[in-house]
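Quick note: the sequence shown uses my numbering, first residue 46, plus one each step. First the structure, in the form of structure tokens, and then the observations on it.
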Amino acid sequence: MSPPISMGSDGYYHPSTEAELAALVRWAHDTNRQVRVRGSTHTFPHRAIFTDRDPGKVRLEINIMLDRYRAVRWVDEVQGIVEVEAGCNLSINPYDPTGTSTVKNGLLYQLQQKGWALSDLGGISHQTVSGFLATGSSGGSLKFGIDENILKLRLIDGTGQIHEVSRDQDPDLFHAAGVSMGLLGVISSVTFQCVPTYNIKGSESTTTTHDCEIDLFGPGTDDKPSFEQFLRETDYSRLMWWPQRGLDRMVVWKARRIPASPGFVPKPYEEMGRYPEGSEVLAGLLLSILGNLDDLRLLPQKVEPIFSQLDATLLEDIEKMGFEPRVAEALSTVVAALLEAGVDGLLEFPGIELAGRLLKEALPSIVPVIYKEFVPLDGEKQPPGPQEFCDYWWTGLPMDNGMDDILMPTWFTEIWIPVSKTQAVMTTLRDFFAAGGLKATGTYSFELYGTKASPFWMSASSDGEPVVRVDVFWFGYNAGDPAIDFYPQFWELLKPFGFKLHWGKFLPNDPPPAKVWSKYLAKQFKRWNDFMALRARLDPKNIFLTAYWREHLGLEDAMPKRPIPAPLPKPDPFATEAWASAERAVTLYSWLILVAVVYGLLAAHIPFLIGHPWTTCKPYADPLGCVITFHFWEVPIVLYQIAFAVYGLRGLKAHAARYASLVAFTAALLAIFALFEVLLILDSFQRGAPAWEIAALFSVATMLMAGVALGLYTRLKLASALSPKR
């Protein structure tokens, strides 16, 4: 039986209508295929998103991307009722593989244009509407929640049948489907009841825990509210706790609603200062180094994604400094190349492994000293004091949108605990950090905020009580597996508080036969068994149930189990004409550099050996010093060119992105060298130097300019190969 639509070259099916989406599900049901729908892939780990084999690996599994299914339709513009197709992003997703997500086709922009809003948002707005809801995501507020905006859902169950549900129409299915991890079916569309648009005004302060405006560990005083009271009384809030011994920082972000008004001028929140891209690069490299001290030689491979976009990242900050576009582009290329070469060169030093081990032993003393530069107290900031901001709701509430997921990949497990237990949770964490040191705190921060109670059965804030959320951060380029190496100590520590977990973040590994964690979680959700029964009825062939969800929901016995099919032959990403052309250009460029180096060395030294030395240094009082000066600056450049040429000949596939970032730097270096040769030619004319000397200088300058031209050509070829047209 043929699929109702063809699979794309990226391994995904791309339906453009609800009918096509339902037809894919029916086809999966009729042919016993596993099916999953991806959103913005903000869920961790990613195997929670996809089928048991990644998209395109096997033809027996169906992975769906809804990039062609993101329309926004006004049901009643006067009353603020809008229907949104499931693939619509809240706002622009900068990591959208199709490149079709924009601010203007995002839901939030379209609501704002009509004078409407949602009650709350999460820390980012990259997600698709359906992905945000299906994982139980929400923002930091005990007063407002996006759940209260949801009027209706359209759900395609495991047989392909479409259900339209609301609080009044099939309320059980509505409350089960609102947070269902894609296990009841595919959310096709969501109908929202919006609220009138509003703005926000707030501040962010950085203090020690003792000087914090909140009584973080106590019941509250006349001057300081307890943490629970603060969460209940503040419209929107988020705390970042850096509990490392000797650092002890608490960053309090808070905001309140203010009326939307004509002529409003926003002053956006700046999470990483005026130059966030450069700050994120430095912070990302620092955290990467600290997270890989056991084997620093693995670091270049870990941080390859950072260097692959370093030029463009730094360009944004340099342009803000007022440089002309061409100058800014050249500077960003040079700085990126120097930074990458510096990291690579440092890690090649003998004894780097010993240095890593020594640094790891000294980490408890090093971390607070370094981190104080990145997390200064209010009194140390320029200008001093808390940061004040005001913004529109849709751009201000997602306060983490400025964080780059490539430069600063942040993974976490998110532990939701009844807000009435806030004080006990905070004192438990404080004492745990004090006793455990860096092993307990790690080298990253912890996020704390609250969430309003949700009516949806499987929401981590279900069952009637709002929650305090503890996000345990892990830097994505660290060595190791956080679900094994870091998170378990917090799951065990906070287990007595009866927590639930955010379904879109890391969950505990839960192998059979003990099934400790699925049994624990089942006890925390009052409607757990009702949800599981409904899941079995709506998905009778378990087409949505992957190995990941079998494990974490304790459903290993759910039938049928599909054997993992043999993977399709893995396509060779380098088997394209673009790559072949790029490799030819790199090979030619590398050999030209080596030939030019040999020619330059011969031209510089043979005249001396045959008794006709160069006259360039004769006019100087100290000719020997002149010769030494020439060698002082030329020799490092020549050695670099040799190393670069050998690097290119070693095999482009192993280091294509890094090589591409160095090409422009090398071409710039050759251009500077060529300019120097031109100046020598002009000087030679003025001095009446021998004709052979002028000819030799002219030939060297010509080869250098050819190197510049071929370098730029090679850069273009690599750019084409690294960014193939879709």
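Note that the Cβ used here is the ideal one computed from N, Cα and C, for glycine as well.
- Query: Looking at C-alpha atoms only, which residue of A400, W119 and Y281 is the closest neighbour of D339?
  - Reply: The residue labelled residue 339 in the question sits at position 294 within the sequence shown. That would be A400, whose Cα lies nearest to the Cα of D339.
- Is the region 571-581 touching the region 540-560 in the sense that three or more CB pairs, one from each, lie closer than 8 Å? no
- Query: Are the region 711-719 and the region 745-764 touching, with three or more C-beta to C-beta distances below 8 Å?
  - Reply: yes
- Over what stretch of residues does the alpha helix (DSSP H) that includes A578 continue unbroken? Working through the sequence shown from its first residue, we reach residue 578 at position 533. Taken as a continuous stretch (DSSP letters only), the alpha helix (DSSP H) holding A578 covers W573 to L583.
- Query: Where do the ends of the beta strand (DSSP E) carrying Q79 lie?
  - Reply: Counting from 1 along the sequence shown, the entry for residue 79 is found at position 34. Residues Q79 to R83.
- Message: My output table needs one value for D260: the three-state DSSP class, helix, strand or coil.
- Response: Stepping through the sequence shown from its first residue, residue 260 is reached at position 215. Reduced to three states, the DSSP call for D260 is strand.
- Taking all protein chains shown into account, decide if Q124 is buried (16 or more other Cβ within 10 angstroms of its Cβ) or exposed. Translated into the one-based positions of the sequence shown, residue 124 becomes position 79. Classification for Q124: exposed.
- Message: Applying the 10 Å Cβ sphere with the 16-neighbour rule, what's the burial state of D728?
- Response: On the sequence shown, position 683 is the one that residue 728 refers to. Exposed: under 16 other Cβ atoms inside 10 Å.
- heavy atom of the ligand FAD below 6 Å from P350 C-beta: With respect to the ligand FAD, the structure shown offers nothing to examine, as it has no ligands at all.
- Message: By alpha-carbon positions, which one of L228, A469, I201 and D293 ends up nearest to A773?
- Response: For residue 773 there is no data in the structure shown, the boundaries of the chain being 46 and 771.
- In angstroms, rounded to a whole number, what distance separates the CA positions of F219 and E258? As a working mapping, residue 219 is identified with position 174 in the sequence shown. As a working mapping, residue 258 is identified with position 213 in the sequence shown. The straight-line gap from Cα to Cα measures roughly 41 Å.
- Report back the beta-carbon spacing between P90 and G56 to the nearest angstrom; my notes put them in contact at under 8 Å. Translated into the one-based positions of the sequence shown, residue 90 becomes position 45. Translated into the one-based positions of the sequence shown, residue 56 becomes position 11. Actually they are not in contact, since the Cβ atoms of P90 and G56 sit about 19 Å apart, beyond 8 Å.
- Going by the beta-carbon positions, is the gap between Q34 and E249 smaller than 7 Å? In this structure the chain extends from 46 to 771, so residue 34 is not present and cannot be described.
- Query: With DSSP run on the structure shown, which of helix, strand or coil describes K426?
  - Reply: Here residue 426 refers to the residue found at position 381 when the sequence shown is read from its first residue. The answer is coil: DSSP assigns K426 none of H, G, I, E or B.
- Task: Sort out for me which residues DSSP pairs H208 with in a bridge.
- Result: Counting from 1 along the sequence shown, the entry for residue 208 is found at position 163. DSSP output for H208 lists L200 as bridge partner(s).
- Should V512 and I462 be called a contact, given that it needs their Cβ atoms to be closer than 7 Å? Indexing the sequence shown from 1 puts residue 512 at position 467. Indexing the sequence shown from 1 puts residue 462 at position 417. Result yes, Cβ atoms of V512 and I462 sit closer than 7 Å.
- How far does the beta strand (DSSP E) with D516 in it reach, from first residue to last? Taking the first residue of the sequence shown as position 1, residue 516 is located at position 471. Segment V512 to F520, the beta strand (DSSP E) holding D516.
- Flag this pair as yes or no: are the beta carbons of L452 and V326 separated by less than 7 Å? Numbered from its first residue, the sequence shown carries residue 452 at position 407. Numbered from its first residue, the sequence shown carries residue 326 at position 281. Going by C-beta atoms, L452 is nearer than 7 Å to V326.
- Message: Is the separation between the beta-carbon of G645 and that of F434 shorter than 7 Å?
- Response: Within the sequence shown, residue 645 is the residue found at index 600, counting from 1. Within the sequence shown, residue 434 is the residue found at index 389, counting from 1. The answer is no: Cβ separation not under 7 Å.
- Per-residue DSSP class, three states only, for P668: In the sequence shown, the residue the question calls residue 668 occupies position 623. In the structure shown, P668 sits in a helix (DSSP, three-state: H, G or I).
- Query: Residue range of the beta strand (DSSP E) that Y320 falls in?
  - Reply: As a first step, residue 320 must be located in the sequence shown, where it is residue number 275. Neither: Y320 is in no beta strand (DSSP E) and is coded neither H nor E.
- Message: DSSP has Y835 in a bridge; who is on the other side?
- Response: The structure shown does not extend to residue 835, since the chain is modelled only from 46 to 771, so the question has no answer here.
- Across which residues does DSSP place V117 in a beta bridge pair? The count along the sequence shown starts at 1 and reaches residue 117 at position 72. DSSP output for V117 lists V129 as bridge partner(s).
- Message: Which residue marks the beginning of the beta strand (DSSP E) containing W461, and which one marks its end?
- Response: As a working note, residue 461 is residue 416 in the sequence shown. Unbroken beta strand (DSSP E) run through W461: T455 to P463.
- Message: Rounded to the nearest angstrom, what separates L384 and Y58 at their Cα positions?
- Response: Here residue 384 refers to the residue found at position 339 when the sequence shown is read from its first residue. Here residue 58 refers to the residue found at position 13 when the sequence shown is read from its first residue. The alpha-carbon atoms of L384 and Y58 are separated by roughly 40 Å.
- T254 to R290, Cα distance in whole Å? Taking the sequence shown and counting its residues from 1, the one referred to as residue 254 is at position 209. Taking the sequence shown and counting its residues from 1, the one referred to as residue 290 is at position 245. Looking at the two C-alpha atoms, the distance is approximately 12 Å.
- Query: In angstroms, rounded to a whole number, what distance separates the CA positions of K762 and A221?
  - Reply: Taking the first residue of the sequence shown as position 1, residue 762 is located at position 717. Taking the first residue of the sequence shown as position 1, residue 221 is located at position 176. Between K762 and A221, the C-alpha separation is close to 52 Å.
- For W624, collect the residues of the same chain with a Cβ closer than 7 Å to its Cβ; drop the 5 residues on either side in sequence, then sort them by chain order. Walking along the sequence shown from the start, residue 624 turns up at place 579. Cβ neighbours of W624 beyond the five flanking positions: A766.
- Query: Under a three-way DSSP split, which group does M107 fall into?
  - Reply: Counted from its first residue, the sequence shown places residue 107 at position 62. It is Ile, not Met, that sits at residue 107 in the sequence shown. Correct three-state label for I107: strand.
- Message: Quick check: I94 and R104, are their CB atoms within less than 7 Å of each other?
- Response: Here the question's residue 94 lines up with position 49 in the sequence shown. Here the question's residue 104 lines up with position 59 in the sequence shown. Cβ atoms of I94 and R104: not closer than 7 Å.
- Message: With a threshold of 8 Å on Cβ separation, who are the neighbours of S465 within its own chain once the five nearest residues in sequence on each side are excluded?
- Response: Position 420 of the sequence shown, counted from the first residue, corresponds to residue 465. Same-chain partners within the cutoff: E273 and E510.
- By a C-beta neighbour count over all protein chains shown, 10 Å radius and 16 as the cutoff for buried, is R771 buried or exposed? Taking the sequence shown and counting its residues from 1, the one referred to as residue 771 is at position 726. Unreliable positioning characterises R771 in this predicted model, as indicated by a pLDDT of 39, which lies under 50. The coordinate reading is nonetheless provided below. The residue in question, R771, is exposed, as its Cβ has fewer than 16 Cβ neighbours within 10 Å.
- Task: Starting from M295, follow its DSSP beta bridges and name the residues at the other end.
- Result: Your numbering for residue 295 matches position 250 in the sequence shown. Paired residue(s): T252 and W286.
- Quick one: is A772 buried, meaning 16 or more other Cβ sit within 10 Å of its Cβ, or exposed? Examination of residue 772 is not possible in this model, given that the chain is present from 46 through 771 alone.
- Query: If we count Cβ pairs, one from each stretch, closer than 8 Å, do we get three or more for the region 202-210 versus the region 159-170?
  - Reply: no
- Message: Taking 6 Å as the limit between beta carbons, can you name the residues of its chain near R572, skipping five residues before and five after?
- Response: Translated into the one-based positions of the sequence shown, residue 572 becomes position 527. Around R572: W502.
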